[in-house]
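Asks: Below are the structure tokens for one structure; questions will follow.
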Amino acid sequence: MKKALVIAPDRISDALMAQPLLALLKARHPRLVIDALAPKWVGPVLARMPEMGRVFPSDLTHGKLQLSARFMFAQQLKNEGYDMAYVLPDTLKSALIPWLAGIPLRVGYRGESRFGMLNVSHANPPRNGRPVMAEHYARLALRPGAKPPAELSEPRLRTDPTRIAATAERFGIPPQTRLIAFCPGAGFGPARRWPAAHFAKLAQMLRRSYPYAQMITLGAAADADAAAEIAREAPFVRNLCGQTSLDDAIDLLALSEAAVCNDTGLMHVAAALNRPQVAVFGSSDPRQTPPLSQAASIMWLQLECSPCLKHECPLGHLRCLKDIEPEMVFVELRKLLHRP
Ligand code: SF4
42 MKKALVIAPD RISDALMAQP LLALLKARHP RLVIDALAPK WVGPVLARMP
92 EMGRVFPSDL THGKLQLSAR FMFAQQLKNE GYDMAYVLPD TLKSALIPWL
142 AGIPLRVGYR GESRFGMLNV SHANPPRNGR PVMAEHYARL ALRPGAKPPA
192 ELSEPRLRTD PTRIAATAER FGIPPQTRLI AFCPGAGFGP ARRWPAAHFA
242 KLAQMLRRSY PYAQMITLGA AADADAAAEI AREAPFVRNL CGQTSLDDAI
292 DLLALSEAAV CNDTGLMHVA AALNRPQVAV FGSSDPRQTP PLSQAASIMW
342 LQLECSPCLK HECPLGHLRC LKDIEPEMVF VELRKLLHRP
């Protein structure tokens with residue numbers, strides 16, 4: 042039985058985009074065991090992928106070499122007998138561990154002079170010439186230069202109804218509650234954050250049309266300010282930002298009837314759970330990082346300046362997001378809520 046180790050990216054969204062690679066590897070080698078080495082904050086999404094075996098969580102952070110920690114991981118993995126490693130990040134550091142662990146086949150894209158560490162290296166297209174990330178990663182399952190199948194699977198996460206019910210109970214959400222989740226954060230910066238005042242206005246419209254629905258905000262502690270601003274204008278929205286683990290947030294999104302998300306990791310989680318959602322895009326490009334789900338509706342104004350891919354609006358007006366009126370999102374959301 043062959044064993045593969047995936048060196049996972051350090052963002053939730055990118056980790057989700059790795060699943061079509063796993064599915065392709067399993068389709069080609071059904072008995073292949075696939076494990077992953079992943080930053081601990083993305084581990085929960087990998088652990089819920091049906092193709093995944095074990096996930097080794099790490100504290101390795103982007104931008105730091107942490108040589109002794111990498112050496113220790115390599116020693117630990119040496120004993121696991123991996124036949125191949127798929128290195129998803131483009132950095133030299135990420136290729137170090139499988140090389141130090143002596144994994145015979147080491148596959149990845151060229152980058153940061155890591156030629157010696159990879160022995161199956163694919164030409165790395167420039168960022169603006171790449172296919173969507175899911176396809177970019179999936180190509181690593183093939184010979185360099187080969188075309189992936191026309192139809193790649195979409196990222197999907199496993200859910201467990203018993204666990205979801207337990208999570209809901211822990212947060213005091215009664216059974217049968219009809220949840221609508223807002224994900225108002227965006228760690229990347231304000232140019233990806235739909236204004237909190239717009240979220241609040243949307244919440245008020247939803248309250249009038251669906252008085253039985255419980256609205257919640259989900260996100261990291263850093264998103265709590267945006268969530269608090271929403272709750273000031275719409276106090277019936279329960280602020281759970283910073284109060285959930287990623288596993289909790291996945292369970293609560295799985296339970297939600299619909300979601301409204303900025304272009305964040307949770308947007309991709311909602312897509313992988315196939316939950317109906319309106320995904321609001323500002324400075325980023327939904328052609329590159331779309332929510333991969335038929336149940337998602339994308340709001341993107343395609344202004345002349347968009348996508349600028351900036352953290353903050355260089356023009357100072359943020360029209361790409363401000364001009365997406367709450368009424369527009371409400372209309373889309375209503376369509377999703379009433380879809381048979
Ligand atoms: S320049 Fe345009 S796309 Fe970029 S943040 Fe400003 S309004 Fe949005």
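For the sequence shown, this note's numbering begins at 42 and goes up steadily by one.
Virtual Cβ for every residue (Gly too), placed ideally from N, Cα, C.
All of these numbers come straight from a predicted model, not from anything done at the bench.
(1) Where Q255 and W82 are concerned, what is the direct C-alpha to C-alpha distance, given to the nearest angstrom?
(2) D266: which of Y251, C282 and Y253 sits nearest, CA to CA?
(3) So what does DSSP say about R279, is it helix, strand or coil?
(4) Per DSSP, what kind of secondary structure is Y178 in: helix, strand or coil?
(5) With which residues is A222 paired in a DSSP beta bridge?
(6) With DSSP as the reference, label S154 as helix, strand or coil.
(7) Enumerate in chain order the residues of its own chain whose CB-to-CB distance from L333 is below 7 Å, with the five nearest sequence positions on each side excluded.
(8) Alpha carbon to alpha carbon, how far is K188 from P172?
(9) If you drop the 5 nearest sequence neighbours on each side, which residues of the same chain put their C-beta closer than 7 Å to that of A269?
(10) Taking the alpha helix (DSSP H) that Q343 falls in, what are its first and last residues?
(11) Is there contact between the region 284 to 296 and the region 212 to 225, where contact requires at least three CB pairs shorter than 8 Å?
(12) For P317, collect the residues of the same chain with a Cβ closer than 6 Å to its Cβ; drop the 5 residues on either side in sequence, then sort them by chain order.
(13) If you pair each beta-carbon of the region 46 to 66 with each one of the region 120 to 129, do three or more pairs fall below 8 Å?
(14) What three-state label does DSSP hand F322 in the structure shown?
(15) Hey, out of D124, L183, R151 and R52, whose CA is closest to A68's CA?
Replies: In brief:
(1) Those two C-alpha atoms are separated by around 27 Å.
(2) Among Y251, C282 and Y253, the Cα nearest to that of D266 belongs to C282.
(3) Secondary structure of R279 (DSSP, three-state): strand.
(4) Three-state DSSP puts Y178 in a helix.
(5) The partner list for A222 (beta bridge, DSSP) reads I257 and A300.
(6) Shown here, S154 sits in coil according to DSSP, grouped into three states, outside any helix or strand.
(7) Exclusion of the five residues before and after L333 leaves A175, E195, P196 and A312 as the residues of its chain whose Cβ lies within less than 7 Å of its Cβ.
(8) Spanning the two alpha carbons is a distance of roughly 11 Å.
(9) N280.
(10) Premise fails: Q343 is in no alpha helix (DSSP H) and is neither H nor E.
(11) A contact exists between the region 284 to 296 and the region 212 to 225.
(12) In its chain, beyond the 5 residues on either side, A299, A336 and L377 have a beta carbon closer than 6 Å to the beta carbon of P317.
(13) With the cut-off at 8 Å, the region 46 to 66 and the region 120 to 129 touch.
(14) The three-state secondary structure of F322, taken from DSSP, is coil.
(15) With distances taken between Cα atoms, A68 lies closest to L183.
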